[in-house]
Structure formats: C-alpha cells, structure tokens
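As structure tokens, then:
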C-alpha cells in the first residue's frame, strides 16, 4: 500500500477520498499511525480529506493509546471544517464517541470535561440518548467518584430536563443501574437512592426482574458502605417480601 502511494505521488496522480480513507484504514489496522498521517499529509494538497479521514485517525490513536495526538487531530478536523465549503466537515457523533471511549479508559477527567463541554456547545451535533449515556458512563469511570459523580449527576439531570421537548432522550434502566453501581461503594446512601427512586418514573423500556434485583442489592450495598446497617437490613427485609410476591 505504501509503495503504491509513493508511485501515485511520483507520477502526480491523485487518489480519490474513498481510496485515501481505505489506505488510512489499512494503516490503522496495522497500527502504523505515523505512516497513516503521512499519507494524509502527502495527498491533502490535491485532495480534501473528509470527516471520515480524521475519524479513522482519531480511532487509530485511541486504539494505540496515543492520546497526546488525538485532540490535535480533532482540532485539525474543526479547522479544516471552517475552511471547507461543505457544511458536513466537522466532528460528528462518531468522533466524540471515540474520544469519550479513549479518555474514559485513560481516566482523564479534565479531557473528558472538555469533550463534554464541546459536545454540548456544538450547534451541528444532535445529542441523542446513546450520546448522553456515553457521557455519563465516561465520567463515572474516570476518577474520584465524589467529584465525577457530581458531574455525571449534572449530565443526568440535563437529560431529564430535555425529555420534555425530546421524549426520545428518556434513559434506559441500565443507565440508572450503572450509576448506582459506580456510586454504591464510594458515596453516601442518599446519592445512590436518587437514581433508584427515579428509575421507575423516569426511564423507558422494560425494567426486568434482573434489573430490579440488582438495583435492590446496590441500594443495600450503599446503605452498608454508608454505615447504615439497620437501614440495609430493613431494605433486605422489604426486598425478600417483595420478591416472594413476584
């Protein structure tokens, strides 16, 4: 592939965008990120890369844990979008989902907050349920739960506010359970109780018996970890009674 690209440059031929993206994709799979970027630089003078070109590069950086060059690619994508006549040249949902995934695993809270702020500020980006869920999951995973838990709860509160104008944003039950799971071992009982209570009136889809059982266990775990043993025993008694009736 790289030899063919050299021939293209030597003979002053031009790759089209589809072929260029395929070459960059092949470089990503081979984890040859530097060479993939060289290909982009070698052809971009005669060919405009598109959002997919940069998305592939950003995904490659995440895959190879080269997070230090990930954000510059995102900035370059935005800069080129401002210069490009096409309105579709800008970071999209895939771009931001990839960035959230990478910095989530790196537990880089500051970068995650910057990404979330940028996503919420982007007028070209339509935030759907999956996008908000990815934000919350990334924040919950990224560090001190007493800090990130508050950020995650703020995003969660924003979801609930927006459902009045967009019912499609109602969270699925698993998001409530994910929040409880991350919060139960490390914060006070009252914070964990909030998503537990809101799961029934403020979620979409079926709350399966398995989800109900896990949520009940997490609530008891939160009470125990908060030193409220009597409350945990009371919840256990109520759970046993309720499950006998199910």
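Residue numbers (the numbering used here): 36 to 281.
Every residue, glycine too, gets a C-beta built ideally from N, C-alpha and C.
Query	Result
How far does the alpha helix (DSSP H) with residue 4 in it reach, from first residue to last?	Missing from the structure shown is residue 4; the chain here goes from 36 to 281 and no further.
For residue 242, which residues of its own chain have a beta-carbon under 6 Å away from its beta-carbon, when the five flanking residues on both sides are left out?	208
Give every residue of the same chain whose Cβ lies closer than 6 Å to the Cβ of residue 66, excluding the five residues on either side of it in the sequence, and list them in chain order.	99
With 16 other CB atoms within 10 Å as the buried threshold, where does residue 291 fall?	Look at the range of the chain in this structure, 36 to 281, and you will see that residue 291 is not part of it.
Given residue 102, which residues of its chain have a CB within under 8 Å of its CB, disregarding the five upstream and five downstream residues?	96, 137, 138, 141, 143, 146
Can you have a look at residue 107 and say buried or exposed, based on whether 16 or more other CB atoms are within 10 angstroms of its CB?	exposed
Could you tell me the distance, in whole angstroms, from the CA atom of residue 218 to the CA atom of residue 258?	11 Å
Note down the Cα distance separating residue 200 from residue 194, rounded to an integer number of angstroms.	11 Å
So residue 234 and residue 220 are in contact, right, with Cβ under 8 Å, and what is the actual spacing, rounded?	19 Å between Cβ atoms; not a contact.
My assumption, with CB atoms under 8 Å, is that residue 150 sits in contact with residue 175. Please give the rounded CB distance.	Actually they are not in contact, since the Cβ atoms of residue 150 and residue 175 sit about 15 Å apart, beyond 8 Å.
Determine the DSSP secondary structure at residue 222, reduced to helix, strand or coil.	coil
In terms of alpha-carbon separation, which member of 129, 171, 86, 247 lies closest to residue 148?	171
Are the CB atoms of residue 215 and residue 231 within a distance shorter than 8 Å?	yes
Once the 5 residues before and after residue 186 are set aside, which same chain residues still bring their CB inside 6 Å of it?	174
Could you round the C-beta distance between residue 224 and residue 261 to whole angstroms and report it? I think they count as a contact, below 8 Å.	4 Å
Within a Cβ cutoff of 8 Å, which residues of the same chain sit near residue 130, ignoring the five residues on either side of it in sequence?	86, 89, 90, 93, 109, 112
Determine the closest residue to residue 188 out of 115, 167, 105, with distance taken between C-alpha atoms.	167
If you count every other CB in all the chains shown that lies within 10 Å of the CB of residue 155, and 16 or more means buried, which is it?	exposed
With a threshold of 16 other CB atoms inside 10 Å of the CB of residue 105, please say whether the residue is buried or exposed.	buried
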